Amino acid sequence: MSGASTTTTATEHSDGPLKRFLTRPEAPALIFLAALVVVLSVVADGFLGASNFEGILSQVVVIGIIALAVNQVVLSGEIDISTGSMLGLCAMASGTVAVAGGGLLFTLLAGVAVGALAGAVNGFLVTVARIPAIIVTLGMLYALRGVLLLVTGGTWVTGVPAEARVLGIGSVFGVSLPIIVLFALFIVMELVNRHSDWGRNVLAVGGNRRAAMLAGLPSRRVRFWAFVLVGAAVGIASVIYIGRAGSVQTNAGTGLELQVIAAVVIGGTSIAGGRGSTLAALTGAVLIGVILNGMVLLGIPGVWQDAVLGALILLAVSTDVLRRKLLGDKA
Amino acid sequence: MASADNGMNGDGSTSVERVGIFALSGATKRFGGVVAVDGVDFDLLEGEVHALVGENGAGKSTLMKMVGGVHAPDEGSVEVGGEAVSFASPGEAEGAGIAMIPQELDLFPELTIAENLFVGRKRPRTRWGGMDWKTMKEEARRSLGSMGVSLDVGATVKQLSTANRQIVAIARALLGDAKAVIMDEPTASLTEREAEKLFEVIADLTASGVGVVYISHRLEEVFRISDRITVMRDGRHIKTAPTSDLDSDELVRLMVGRELKELFSRSRHETGDIALETRGLTREGEFEDVDLTVRRGEVVGLAGLIGAGRTELAQTLFGLHKADAGEIRIDGEAVKSLSPQKAMEKGIFYVPEERKSQGLISPFPISANITLSILDRICRMGFVKRGRERETAERFAASLSIRGAGMDDPVSRLSGGNQQKVVLAKSLAREPSVLLLDEPTRGVDVGAKSEIYRLIDDLAGEGKAVLLISSELEEILSMSDRIVVMREGKVSGEFERSEADQEKIMAAATGTKAGQTAEVREERT
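Residue numbers (my numbering), protein chains in the order written: chain A, 1 to 331; chain B, 1 to 525.
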């Protein structure tokens with residue numbers, strides 16, 4: 001009898017597909033992105049076209065890959081703002097290995113290892129030493145840049161050989177390789193986020209850490225691995241970065257950390273944790289790319305860039321609040 | 001049951017004609033497509049206690065929020081002092097003399113009592129424009145004094161017991177010269193003795209002409225202190241009558257809309273081996289030298305006042321805190337360095353008292369909340385098997401009669417009672433052999449309560465060991481095979497079911513001789 005009543009009430013309360021879509025965290029960003037693409041296609045010459053789209057995506061690959069991982073940290077109720085300096089350090093490490101003739105594999109390994117190590121330090125300080133993540137990663141933002149400057153003495157790495165630049169400039173079947181990497185990582189993260197044990201734990205810990213602990217979930221381990229994941233993602237992104245640039249400056253990645261956070265938040269992942277999606281991070285990154293591209297095409301001066309991005313973040317957060325009010329979502 | 005010393009029950013028949021404070025007529029409120037309150041009439045007179053009862057989700061709080069300025073009615077009217085009003089905010093309602101004290105108190109834990117009382121009010125200023133702390137403290141003292149309470153107004157609210165926080169919340173309402181005070185489940189987190197103190201305060205309030213709306217699930221309290229009772233069910237007004245015209249059985253029938261033969265269900269079971277045992281278990285400042293045994297198939301009630309260390313003990317048994325001394329034995333085997341994960345492996349599961357903050361992941365759908373504790377069992381190679389998950393969730397939802405929303409809907413859509421069943425389902429999914437239930441029926445409606453009692457009985461029947469922490473004496477007395485009482489961190493009494501009664505338990509919990517009324521103790525910090 002109770003089984004029957006569960007099913008009847010289920011149909012009673014079930015929402016239509018439209019409402020289901022609108023309750024998805026990335027819905028406002030997706031709608032905004034679609035609207036923007038339509039508008040730009042009409043008003044901006046040269047916007048509509050495969051090569052421009054490819055250009056936009058290439059531009060956001062580095063931010064996008066890192067955002068996919070930072071998204072998990074944010075979902076777990078933490079934050080990571082150390083990724084800018086981390087990218088610089090990883091790029092320096094992978095660049096050095098590449099120049100020394102390490103080939104693609106060892107270049108990649110070097111970047112991922114350095115990133116994962118830096119991420120593990122973040123994770124350790126947050127989960128074991130219990131220092132708030134914003135403080136830890138702010139400290140690491142400066143510390144990693146400091147390490148980079150001390151180790152290199154301010155010199156650049158130049159002349160990255162072609163075989164190590166494949167991830168940055170290569171292409172497969174006419175599609176540029178960095179974009180393939182971005183989408184491959186998106187699919188992996190989507191699977192992990194929605195279907196894996198760890199992904200579920202991340203959402204649970206971010207949604208209500210106390211309840212997650214009382215259900216026996218390893219809250220610290222879950223968050224630790226999220227930070228390590230960011231490091232690994234930064235490592236992969238660093239190889240794309242050196243592939244594209246062919247050289248590494250000591251200021252590589254400066255300011256990147258906030259663009260990454262912006263992508264995650266604009267996409268619709270709640271900064272409070274527990275609510276969001278992988279698609280949100282990707283959508284946010286692409287949206288940023290489209291806006292920057294549109295501004296260039298429309299001839300809007302570069303000085304407007306920060307103002308527009310800032311406005312977009314505020315708009316994204318306000319529409320999310322408004323939407324949840326309208327949909328009566330108490331969560 | 002309703003106690004004999006019924007001193008505060010106003011006698012409706014002989015009282016003089018009372019003046020109305022506020023009245024709602026035909027009040028209707030919809031949320032989306034759901035009608036939460038449907039054409040309800042309700043009024044409050046000066047100096048009366050008007051109890052508002054009904055199951056969770058009956059619309060009691062929503063109705064009162066229309067008077068309190070939280071919601072505007074979609075239809076119908078609100079009158080205060082005979083004039084139609086429409087409050088745009090709780091502040092406006094407070095200005096008109098209507099104060100709401102919500103279930104979850106809206107106090108500021110880091111501020112002092114005096115500061116809390118003046119939040120949102122015009123604070124007195126000194127001649128130089130600074131804060132006039134002296135006046136504020138005096139007024140705070142006066143306001144608390146008018147309720148016969150003396151607390152250090154310079155103490156921060158976080159240091160206070162739940163009961164005293166409740167009193168501070170009332171004092172805050174009175175400071176604004178409230179004519180009507182609406183209390184939503186004020187005793188939900190109070191022990192009986194703390195509740196006594198609250199009843200005295202309510203008696204003082206009504207004696208001075210203040211009207212009190214009293215929302216509660218505890219029917220004995222309702223019978224004891226109210227002058228009139230209004231019953232709501234499914235958003236509709238069912239009945240308003242003088243308290244003396246109603247009895248407990250009829251009230252329950254009106255509330256649930258069906259005859260409820262037996263609220264408690266407890267059948268006799270054979271008890272088996274000792275499943276959980278502690279020897280001299282101690283955690284500095286929380287509990288001391290606790291010896292406790294729970295056998296298979298046995299329900300052991302853990303009674304005591306709030307702050308007696310019961311929750312801390314249970315959480316230590318679940319490995320959330322480390323014991324400083326003593327040992328824990330599970331199935332006769334001593335365990336060291338327990339963690340929640342390890343406790344779960346050993347078959348222990350703790351069901352927390354705070355549903356929202358400790359039990360549920362509110363953004364998660366119902367199904368994911370149920371399977372939270374068994375994710376590792378329904379995973380293959382680190383990936384969740386959706387079929388297994390759904391099947392498990394549906395099985396438990398059916399066996400616990402979780403009703404009100406679909407498996408994929410957010411858990412926040414369910415009523416309190418059904419949310420509590422989700423929390424229980426989560427722990428049962430783990431198939432524990434020892435269950436530590438911390439106030440499993442707090443803030444749960446009568447119907448869900450009776451279902452939870454039946455569940456506890458079934459679990460014992462299946463041979464599980466149950467430790468039931470409860471501040472409701474009736475619940476402890478009806479459900480337990482054996483009752484252990486704690487006071488100030490120590491075991492102060494242990495009774496077999498047959499020899500226990502309310503007086504003995506209260507005496508052990510408060511440290512007084514049976515029958516002697518305890519003075520309200522000084523605040524422990």
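The C-beta atom is built at its ideal place from N, Cα and C for all residues, glycine as well. Only a predicted model underlies this, so the values are computations on that prediction, with no experimental measurement involved.
Pair every Cβ in the region 466-486 of chain B with every Cβ in the region 428-439 of chain B, then say whether three or more of these pairs are closer than 8 Å. Taking a cut-off of 8 Å for Cβ pairs, the region 466-486 of chain B and the region 428-439 of chain B touch, as three or more such pairs fall below it.
How would you write the range of the beta strand (DSSP E) that glycine 326(B) sits in, first residue to last? Here the beta strand (DSSP E) through glycine 326(B) covers 325-330.
Short-range partners of chain B found in the region 165-187 of chain A, where Cβ spacing is below 9 Å: For the region 165-187 of chain A, which is checked against every Cβ of chain B, not one residue is closer than 9 Å.
Can you find a CB in chain A that lies within less than 8 Å of the CB of valine 384(B)? Yes, valine 384(B) lies at the interface with chain A (some Cβ there is under 8 Å from its Cβ).
Does DSSP put glycine 280(B) in a helix, a strand or coil? It is a strand residue.
Across which residues does DSSP place glutamate 83(B) in a beta bridge pair? Beta-bridge partners of glutamate 83(B) (DSSP): Val80(B).
Leaving aside the five residues before and after glycine 253(A) along the sequence, list all residues of the same chain whose C-beta is less than 6 Å from its C-beta, in chain order. Taken in chain order, the residues that qualify are Gly84, Leu87 and Gly88.
Spatial neighbours of glycine 82(B) in its chain, beta-carbon cut-off 8 Å, leaving aside the 5 residues before and after: Cβ neighbours of glycine 82(B) beyond the five flanking positions: Gly20.
Where the region 188-215 of chain A meets chain B: residues whose CB sits under 8 Å from a CB there: Residues Leu191, His195, Ser196, Asp197, Trp198, Arg200, Asn201, Leu203, Ala204, Gly207, Asn208, Arg210, Ala211, Ala212, Met213, Leu214 and Ala215.
Below-8 Å beta-carbon distance, glycine 274(A) vs any chain B residue: Taking Cβ atoms only, chain B reaches closer than 8 Å to glycine 274(A), which makes this a yes.
Where histidine 50(B) sits in the DSSP three-state scheme: Strand at histidine 50(B).
With DSSP as the reference, identify every bridge partner of glycine 102(A), one or two as the case may be. Note: glycine 102(A) sits in no beta bridge, so no partner.
Between leucine 260(B) and chain A, is the shortest Cβ-Cβ distance under 8 Å, so that the two count as touching? Confidence at leucine 260(B) is low in this model, with a pLDDT of 49, below 50, so the placement of that residue is unreliable and no value is reported for it.
Here's the rule I'm using: 16 or more other beta-carbon atoms within 10 Å means buried, otherwise exposed. How should leucine 467(B) be labelled? It is buried - the Cβ of leucine 467(B) has at least 16 other Cβ atoms within 10 Å.
Taking a cut of 7 Å between CB atoms, which residues from the region 16-39 of chain A lie near chain B? Residues of the region 16-39 of chain A with a C-beta atom less than 7 Å from some C-beta of chain B do not occur.
Kindly list, in the order they appear in chain B, the residues whose Cβ is closer than 7 Å to that of proline 218(A). Near proline 218(A) (Cβ distances below 7 Å), the residues of chain B are Gln341.
Classify aspartate 291(B): buried if its beta carbon has 16 or more other beta carbons within 10 angstroms, exposed otherwise. Per the 10 Å Cβ criterion, exposed.
When burial is assigned at 16 or more other CB atoms within 10 Å of the CB, is leucine 298(A) buried or exposed? So leucine 298(A) counts as exposed.
Going by DSSP, what residues sit across from lysine 490(B) in a beta bridge? Residue pairing from DSSP places lysine 490(B) in a beta bridge opposite Arg487(B).
Counting only the same chain and skipping the five closest in sequence on each side, list residues whose C-beta sits under 7 Å from that of alanine 188(B). In the same chain as alanine 188(B), and ignoring 5 residues on each side of it, the C-beta atoms closer than 7 Å to its own belong to Gln103, Arg442 and Gly443, in chain order.
Is it buried or exposed, valine 38(A), if we count other Cβ atoms within 10 angstroms and call 16 or more buried? Exposed, by the Cβ-count rule.
What residues are listed by DSSP as bridge partners for threonine 240(B)? The secondary-structure analysis by DSSP pairs threonine 240(B) across a beta bridge with Thr230(B).
Between valine 99(A) and valine 317(A), what straight-line distance do the alpha-carbon atoms span, to the nearest angstrom? Approximately 44 Å between the Cα atoms of the pair.
Enumerate in chain order the residues of its own chain whose CB-to-CB distance from aspartate 526(B) is below 7 Å, with the five nearest sequence positions on each side excluded. Because chain B here runs from 1 to 525, residue 526(B) falls outside it and cannot be looked at.
Excluding the 5 residues flanking glycine 235(B) on each side, which residues of the same chain have their C-beta closer than 6 Å to its C-beta? Within the same chain, glycine 235(B) has close Cβ partners Val35, Ala36, Val37, Asp38 and Gly59.
Can you list the residues of chain A that glycine 359(B) reaches, using a CB-CB cut of under 8 Å? Ala211 and Leu214, listed in chain order.
Jot down the residue ranges of each uninterrupted beta strand (DSSP E) in the region 91-123 of chain B, minimum 3 residues, whole runs only, in chain order. The beta strand (DSSP E) runs of length 3 or more contained entirely in the region 91-123 of chain B are, from start to end of the chain, 98-101.
Using CA atoms only, rank isn't needed, just tell me which of Thr126(B), Ala163(B) and Glu115(B) is closest to threonine 534(B). The question about residue 534(B) has no answer here: the residues shown for chain B are numbered 1 through 525.
With threonine 137(A) and isoleucine 187(A) assumed to form a contact (beta carbons below 8 Å), what rounded beta-carbon distance in angstroms separates them? With 8 Å as the limit, threonine 137(A) and isoleucine 187(A) do not qualify as a contact, their Cβ atoms being about 27 Å apart.
Let me know the secondary structure DSSP gives glycine 304(B) once reduced to three states. Collapsing the DSSP output to three states places glycine 304(B) in a strand.
Locate the alpha helix (DSSP H) running through threonine 28(B), then write down its first and last residues. In the DSSP annotation of this structure, threonine 28(B) is not part of any alpha helix (DSSP H); the continuous beta strand (DSSP E) holding it starts and ends at 20-31.
Reference methionine 344(B), options Arg355(B), Leu320(B) and Ala84(B), closest by Cα: For the residues Arg355(B), Leu320(B) and Ala84(B), the minimum Cα distance to methionine 344(B) belongs to Leu320(B).
For my contact list, serine 94(A) and serine 238(A) are in at a C-beta cut-off of 8 Å; report their separation, rounded to the angstrom. With a Cβ gap of about 5 Å, serine 94(A) and serine 238(A) count as contacting.
Measure the Cβ-Cβ separation of serine 248(B) and alanine 51(B) and say whether it is below 8 Å. Going by C-beta atoms, serine 248(B) is not nearer than 8 Å to alanine 51(B).
CB contact check: methionine 344(B) to chain A, cutoff 8 Å: It does: the Cβ of methionine 344(B) has a partner Cβ on chain A nearer than 8 Å.
Among Lys421(B), Glu75(B) and Val384(B), whose alpha-carbon lies nearest the alpha-carbon of valine 351(B)? When each option's Cα is compared against that of valine 351(B), the closest is Lys421(B).
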